[in-house]
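For reference, the structure is listed below as structure tokens.
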Amino acid sequence: MWIVTTNDPGPGYYGGYWDVVTLLQDEFEKIGIDLRWENSYDSFTWEDVVWDDTWNQNGTVDDDDTTHTYGVDGWDLAIFEWWENPTSYIWGDELVYSWGTPDTGWNIMSWNDTKADYFWQTGSATLDPTTHNRWLWKWQEEAMHNPPTIPIYVAEQMTARASYLDNWDDVAWLYDISQLDINETKFEEVAPTTPFDRYSAGNDTVMWGAGEPIEQFYPFATIYYTEETVNVLKQGMLYRTSRENLAYPPSGDYTVIPTLAADFPDWYQKPDGRWVASVPLRTGITWTDGDGFDAQDVAYTYQSILTPGCKSESYGDYSFMLDDVVVNSTYQVDFIYKLGMGPDYDFAGYQAHGWALGMLPYHQLGPDYVTNWAPQLYNYDPVPVSQGGTGLECLGPYVPTYWDTDIALHFEKRDDYVNALGWSPEMPDKFIIKIIEDANTRFSALQNLECDFIEYPTAPLADWNNMIGWPTHRVLSFIYPAVHTLWIQHRNTILSNRYVRLALAHAIPYEQIFNNILPGWGVANAIRGKTTMVMPFHDSYHPTLGYYEYNITKAQQYMDMWRYSQDGADHTKAPLGDHDFSGFVEMADYPIWVNNLGKYTYQLPWYPSNPVDPDNDNSGRVLLPDITYWGTNIGKSYPYKDAW
Amino acid sequence: MKRKKPLSIAILLLSALLVLTFSLMYVFAEPVSPYIKVLPEETSDSTLTPGNYYNISIYTDYDGSDVWSWQFELTFDPAVLQGVQVRNGDLITTIKDASAVFDSGDFDNTLGELSLTVAYFAYDSPPAPTTSGPGTLAYVDFTVVGYGFSDIELSDNTQLLDPAGFPPIIGADWHPDQIGHAYFRNLHPGDADGDKYVGSADAGVLNGAYGTWRGDPLYVRESDFDLDGYIGSADAGILNGNYGITFP
Chain A
1 MWIVTTNDPG
11 PGYYGGYWDV
21 VTLLQDEFEK
31 IGIDLRWENS
41 YDSFTWEDVV
51 WDDTWNQNGT
61 VDDDDTTHTY
71 GVDGWDLAIF
81 EWWENPTSYI
91 WGDELVYSWG
101 TPDTGWNIMS
111 WNDTKADYFW
121 QTGSATLDPT
131 THNRWLWKWQ
141 EEAMHNPPTI
151 PIYVAEQMTA
161 RASYLDNWDD
171 VAWLYDISQL
181 DINETKFEEV
191 APTTPFDRYS
201 AGNDTVMWGA
211 GEPIEQFYPF
221 ATIYYTEETV
231 NVLKQGMLYR
241 TSRENLAYPP
251 SGDYTVIPTL
261 AADFPDWYQK
271 PDGRWVASVP
281 LRTGITWTDG
291 DGFDAQDVAY
301 TYQSILTPGC
311 KSESYGDYSF
321 MLDDVVVNST
331 YQVDFIYKLG
341 MGPDYDFAGY
351 QAHGWALGML
361 PYHQLGPDYV
371 TNWAPQLYNY
381 DPVPVSQGGT
391 GLECLGPYVP
401 TYWDTDIALH
411 FEKRDDYVNA
421 LGWSPEMPDK
431 FIIKIIEDAN
441 TRFSALQNLE
451 CDFIEYPTAP
461 LADWNNMIGW
471 PTHRVLSFIY
481 PAVHTLWIQH
491 RNTILSNRYV
501 RLALAHAIPY
511 EQIFNNILPG
521 WGVANAIRGK
531 TTMVMPFHDS
541 YHPTLGYYEY
551 NITKAQQYMD
561 MWRYSQDGAD
571 HTKAPLGDHD
581 FSGFVEMADY
591 PIWVNNLGKY
601 TYQLPWYPSN
611 PVDPDNDNSG
621 RVLLPDITYW
631 GTNIGKSYPY
641 KDAW
Chain B
1 MKRKKPLSIA
11 ILLLSALLVL
21 TFSLMYVFAE
31 PVSPYIKVLP
41 EETSDSTLTP
51 GNYYNISIYT
61 DYDGSDVWSW
71 QFELTFDPAV
81 LQGVQVRNGD
91 LITTIKDASA
101 VFDSGDFDNT
111 LGELSLTVAY
121 FAYDSPPAPT
131 TSGPGTLAYV
141 DFTVVGYGFS
151 DIELSDNTQL
161 LDPAGFPPII
171 GADWHPDQIG
181 HAYFRNLHPG
191 DADGDKYVGS
201 ADAGVLNGAY
211 GTWRGDPLYV
221 RESDFDLDGY
231 IGSADAGILN
241 GNYGITFP
């Protein structure tokens with residue numbers, strides 16, 4: 001079995017978590033799993049293997065299980081963080097609905113649990129928080145029973161920023177910079193002139209240290225966080241995630257508030273039963289070339305997303321729920337849901353992110369949908385045509401004015417946009433993104449104030465503690481809004497067995513990771529991950545759901561549940577009669593036997609993550625005697641209740 | 001013999017006021033249709049002393065014609081009730097189709113559980129035989145063994161199924177509001193604490209729950225002597241009428 005990580009030993013979306021993987025190799029070996037590790041890929045190549053070209057392939061495709069071959073072999077396990085906005089579950093649906101993932105989509109987690117889908121959908125199709133939470137709790141319970149991934153931890157992360165930087169929140173992130181400000185008095189006091197002359201750079205410029213390069217400026221294919229950063233600054237969205245009070249220390253709750261939308265949607269049902277979210281838009285907002293923003297831009301943007309040929313990463317987020325997005329009037333746009341979907345509890349939160357979502361200028365691109373982005377000039381230049389470049393016109397608070405490839409991007413504030421939205425006039429006039437890929441160099445840049453704030457603050461705890469008391473910096477910890485999780489290739493027929501996944505969940509040495517590894521990554525405190533991507537600050541975080549514990553004996557027993565189902569094993573110890581691997585022998589297992597009667601085992605359907613196995617006696621064929629095991633065991637729970 | 005202690009004037013006055021205020025009778029919360037529920041939903045009968053039988057039925061109001069199978073589990077308080085037997089109802093029977101199979105679960109009278117009990121039409125090639133509701137899934141017979149009260153609850157595994165087997169027509173784990181549980185007690189009127197004496201302790205329980213409706217966290221069903229869902233003057237009257245009595 002192959003775990004595929006990047007060549008970056010640290011944590012993060014493109015981190016390889018090397019120390020964790022080393023531990024997993026040792027622990028998984030104890031339960032009979034030979035975990036091979038491919039860790040030589042850079043982030044772009046890794047992305048290709050796990051997310052793109054071979055995303056639906058097992059780690060071993062070419063029958064050579066000693067070498068991982070790029071372009072041929074896929075992956076069985078991976079480890080990386082999964083960011084969630086605190087106000088919604090955008091990117092949740094695409095993980096839940098494996099059936100909703102298009103050919104051009106990016107769903108690496110083909111978790112096929114129809115029961116979970118039902119809980120999720122029922123919880124989403126309501127505007128009532130109590131109903132929403134009730135079903136989301138059920139969904140989390142099902143995920144605990146049949147793990148889609150194995151979240152290891154959520155980090156209370158140490159970080160720091162320049163002490164003169166005000167009204168910045170690390171979780172609301174760049175999604176809310178409406179009050180961002182450089183405190184001029186403080187700047188005069190602390191801005192250094194050496195080793196970096198931050199003082200001369202001025203108090204009207206803010207500098208952000210990004211950890212990843214930029215591959216392209218196609219707003220619909222965000223690969224790196226840096227590209228998301230660019231999208232957020234220049235593209236504009238209907239809503240945004242905000243903390244109600246951005247002051248330091250932070251107070252108030254995270255919330256979604258309108259940006260380009262004038263208000264939250266009105267919901268109504270069409271005569272054919274389909275739900276519609278009708279969104280009013282702000283007036284008086286203009287693109288960088290002076291053209292007015294209106295409903296046509298919004299409709300065109302979402303219609304492009306819903307057009308498979310445009311290959312938007314957001315296609316998987318919207319295609320299963322939206323039929324169309326149409327102009328209602330000049331400043332009113334209607335989101336028409338598919339029959340049976342909606343109203344949508346997370347509607348505004350869905351429109352509040354810049355990952356492959358940002359308004360497209362209809363007047364520049366329309367009326368046709370752009371299905372061949374790669375050769376377009378605006379895919380390689382962030383500077384809009386109106387500013388002398390070849391890029392798309394912009395609708396955000398900042399406009400790119402200069403790009404030094406892989407080194408820096410410079411932006412200038414758009415006063416007309418900021419004023420129209422009523423944002424703070426104190427927002428810095430210039431925003432510079434510095435691309436500093438090496439984590440140690442980035443940390444040094446923060447210490448020297450070459451950057452006022454940085455991405456991926458992963459220095460050791462001791463280094464952060466040493467900075468406490470520096471007048472130049474404000475050191476703090478915050479709940480980093482990402483789950484660091486072990487990802488599972490459900491198309492691997494072994495991993496698709498839930499008992500194997502439960503075995504893995506119990507073979508992870510959580511405490512050892514928390515105590516010995518995470519402090520080196522600046523994690524002040526680790527919060528044990530639960531079985532979904534839901535995090536402690538989400539309103540539907542399950543309050544009483546437990547955690548997986550490290551227990552090799554238990555892990556071995558789970559592995560045995562799978563082994564006993566294999567040809568040549570002692571089948572009498574297997575979960576006989578539990579044809580759908582639900583863990584309970586019941587009536588629902590009976591039709592599975594009927595529908596597969598007479599089939600040889602190689603003819604059985606293998607639905608990702610939900611294999612059915614009515615061949616109870618491992619004879620190689622589903623026959624009449626198999627149902628007797630079901631009859632004998634009906635009502636029994638697996639693993640056996642008295643096992644633990 | 002202890003002296004009969006009248007309820008306080010304040011409570012009596014309050015009771016009179018509440019009788020006027022809450023003239024509407026509490027409506028017992030029915031499960032959402034289609035449902036599976038235990039009948040009778042509530043039993044309060046002090047004549048059901050130890051040694052008597054107590055019978056319930058598991059019933060569904062589902063009226064579709066695609067019923068292929070059902071399953072349920074039960075829990076009860078073994079200090080009050082002991083399971084004796086489960087009998088098939090009229091929903092899935094050999095009268096309807098010769099392939100009908102009824103398989104009773106087992107009682108665990110220590111834990112107070114009836115394991116999975118099922119009925120289905122056996123078949124080995126589609127289409128599966130089906131039948132129509134509404135009807136009774138099964139009858140469950142208990143022996144009364146103690147004095148007190150017992151919830152009788154259907155488990156999350158309770159389901160009514162069509163031949164697909166998934167998703168269920170009715171599934172307790174999916175829609176718990178479609179499941180109706182039951183309540184049994186053989187406490188004497190006014191004896192809220194189950195000590196066979198109606199006295200100050202019972203009045204204390206009633207006072208603590210006075211004015212509450214079912215669903216209120218302070219509501220105590222053992223003080224709702226008339227089981228109307230509201231603890232008020234009627235219950236106070238029952239307690240008052242039995243105050244000081246010691247039952248055998």
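Quick note, the sequences are listed as chains A and B, same order. With the first letter of the first sequence counted as 1, position 162 gets the number 162 in the working numbering; the numbers rise by one all the way through. With the first letter of the second sequence counted as 1, position 203 gets the number 203 in the working numbering; the numbers rise by one all the way through. For every residue, glycine included, the Cβ atom is placed at its ideal position computed from N, Cα and C.
Local Cβ density within 10 Å of residue i, reported as buried at 16 or more and exposed below that
i: residue 21 of chain B; result: Model confidence at residue 21 of chain B stands at a pLDDT of 38, short of 50, so the residue's coordinates are unreliable; what they give is reported in the following sentence. When all chains shown are included, residue 21 of chain B counts as exposed.
i: residue 399 of chain A; result: buried
i: residue 52 of chain B; result: exposed
i: residue 76 of chain A; result: buried
i: residue 210 of chain A; result: buried
i: residue 137 of chain A; result: buried
i: residue 23 of chain B; result: Reliability of the predicted coordinates at residue 23 of chain B is poor, the pLDDT of 36 falling under 50, and the value obtained from them is presented with this limitation in mind. The residue is exposed, with fewer than 16 neighbouring Cβ atoms inside 10 Å.
i: residue 196 of chain B; result: exposed
i: residue 471 of chain A; result: exposed
i: residue 204 of chain B; result: exposed
i: residue 413 of chain A; result: buried
i: residue 645 of chain A; result: Past the boundaries of the shown model lies residue 645 of chain A; chain A is included only from 1 to 644, so the question cannot be answered.
Per-residue DSSP class, three states only, for residue i
i: residue 255 of chain A; result: strand
i: residue 153 of chain B; result: strand
i: residue 72 of chain A; result: coil
i: residue 384 of chain A; result: strand
i: residue 111 of chain B; result: coil
i: residue 237 of chain B; result: helix
i: residue 359 of chain A; result: coil
i: residue 23 of chain B; result: Only weak support exists for where residue 23 of chain B lies, its pLDDT of 36 falling under 50; the coordinates are left without a value.
i: residue 176 of chain B; result: helix
i: residue 488 of chain A; result: strand
i: residue 208 of chain A; result: strand
i: residue 179 of chain A; result: coil
i: residue 2 of chain A; result: strand
i: residue 20 of chain A; result: helix
i: residue 42 of chain B; result: strand
Beta-carbon spacing of residue i, residue j below 8 Å
i: residue 92 of chain A; j: residue 533 of chain A; result: yes
i: residue 616 of chain A; j: residue 577 of chain A; result: yes
i: residue 342 of chain A; j: residue 233 of chain A; result: no
i: residue 117 of chain B; j: residue 135 of chain B; result: no
i: residue 293 of chain A; j: residue 260 of chain A; result: yes
i: residue 335 of chain A; j: residue 385 of chain A; result: no
i: residue 86 of chain A; j: residue 171 of chain A; result: yes
i: residue 457 of chain A; j: residue 241 of chain A; result: no
i: residue 57 of chain B; j: residue 83 of chain B; result: no
i: residue 96 of chain B; j: residue 60 of chain B; result: no
i: residue 550 of chain A; j: residue 528 of chain A; result: no
i: residue 359 of chain A; j: residue 236 of chain A; result: yes
Paired residues, beta bridge with residue i - DSSP
i: residue 163 of chain A; result: None; residue 163 of chain A has no bridge partner.
i: residue 324 of chain A; result: A:336
i: residue 479 of chain A; result: A:156
i: residue 245 of chain A; result: A:251
i: residue 37 of chain A; result: A:3
Closer than 8 Å to chain D by CB, residue i
i: residue 622 of chain A; result: No chain D is part of this structure, whose protein chains are labelled A and B.
- For the region 118–135 of chain B, enumerate the residues whose C-beta is nearer than 8 Å to any C-beta of chain A, in chain order. 118, 120, 123, 124, 125, 126 and 128
- Message: Please identify, using Cβ separations under 8 Å, the residues of the region 156–172 of chain B that lie next to chain A, in order along the chain.
- Response: 157, 159, 161, 163, 164, 165, 166, 167 and 168
- Task: Mind checking the region 577–590 of chain A against chain B and listing, in chain order, the residues whose C-beta falls within less than 9 Å of any C-beta there?
- Result: 580, 584, 585, 586, 587, 588, 589 and 590
- Query: When you check each C-beta in the region 111–131 of chain A against every C-beta of chain B, which residues fall closer than 9 Å?
  - Reply: 114, 115, 118, 119 and 122
- Within 8 Å of chain A by C-beta, residues of the region 76–97 of chain B in sequence order: none
- Item | Contact list for the region 48–77 of chain B against chain A, Cβ threshold 9 Å | Flagged, chain order: 68, 69, 70, 71 and 73.
- Message: Any C-beta of chain A within less than 8 Å: which residues of the region 96–116 of chain B qualify?
- Response: 103, 105, 115 and 116
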